[in-house]
Amino acid sequence: MPFTKYMKTLREKGLKVTQQRLEILKFLDENRTHPTLDEVYNYMIKKFPSISKMTVYNVIDSMTVNGIINSVRFVNSTELRVDYDRDVHFHFLCKKCGMIYDVAGDFDVAKEMKSTGHKVDDYKVNIYGVCKKCLKKK
Ligand SMILES: [Zn+2]
Ligand SMILES: [Zn+2]
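If you use our numbering, the sequence shown corresponds to residues 10 to 147, in order.
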């Protein structure tokens, strides 16, 4: 059963297992390129011909809020990018080609924040620049 691990994730987070959630999780797991909402929608419409973009957005949103997936929004971009990887990592956005690279986060923000008395649940770091592929093209 290819969906078993996604079912487990949904149940662990207390979300109802639906075919739409399972399909989106499978798509994101197999496409670790931080797909846009449009890309997820284009995949979903093949499986669910009557699905609306709003529904796809809502499914993504509910899974983001419940900590199952990660949604990323970059400054200067209204475009939502969806990330299957929930582990703490940073994103490097190439301003030339728009490619998003995962960068390992090697400092513990939660630990740093402890002295402030605030409790950190989550944090996002976005790094901007030009990727090595684009630099080579010059
Ligand atoms: Zn680039
Ligand atoms: Zn990522």
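Even glycine gets a Cβ: it sits at the ideal position worked out from N, Cα and C.
Mapping the DSSP letters down to three states, classify residue i as helix, strand or coil.
i	result
T27	coil
D38	helix
I136	strand
V118	helix
Quick one: give me the first and last residue of the alpha helix (DSSP H) that residue i is part of.
i	result
V49	46-56
V68	62-74
Y15	13-21
K142	141-146
For the beta strand (DSSP E) that contains residue i, what are its first and last residues?
i	result
R90	89-92
C106	Segment: none, C106 is in no beta strand (DSSP E) and carries neither H nor E.
S80	79-82
Please determine, among the options, the residue with the shortest C-alpha to C-alpha distance to residue i.
i	options	result
K104	A119, E21, K25, G138	G138
R95	S124, K141, L89, D111	D111
R30	I69, C106, I60	I69
For residue i, which residues in the same chain have their Cβ closer than 6 Å to its Cβ, ignoring the five residues on either side in sequence?
i	result
E32	K56
L102	F83, I109, Y137
So, at 8 Å on beta carbons, what are the nonlocal neighbours of residue i in its own chain, with the 5 sequence-adjacent residues on each side left out?
i	result
R48	Correcting the residue type first, residue 48 is Glu in the shown sequence and not Arg. Once the five neighbours on either side are set aside, the close Cβ partners of E48 are N40.
Tell me which residues share the same chain as residue i and place their Cβ nearer than 7 Å to its Cβ, disregarding the 5 neighbours each side in the sequence.
i	result
D38	Y93
Any residues whose CB sits closer than 7 Å to a heavy atom of ligand 2? List them in chain order?
H43, N79, V81, D92, D94, H98, H100, I109, D111
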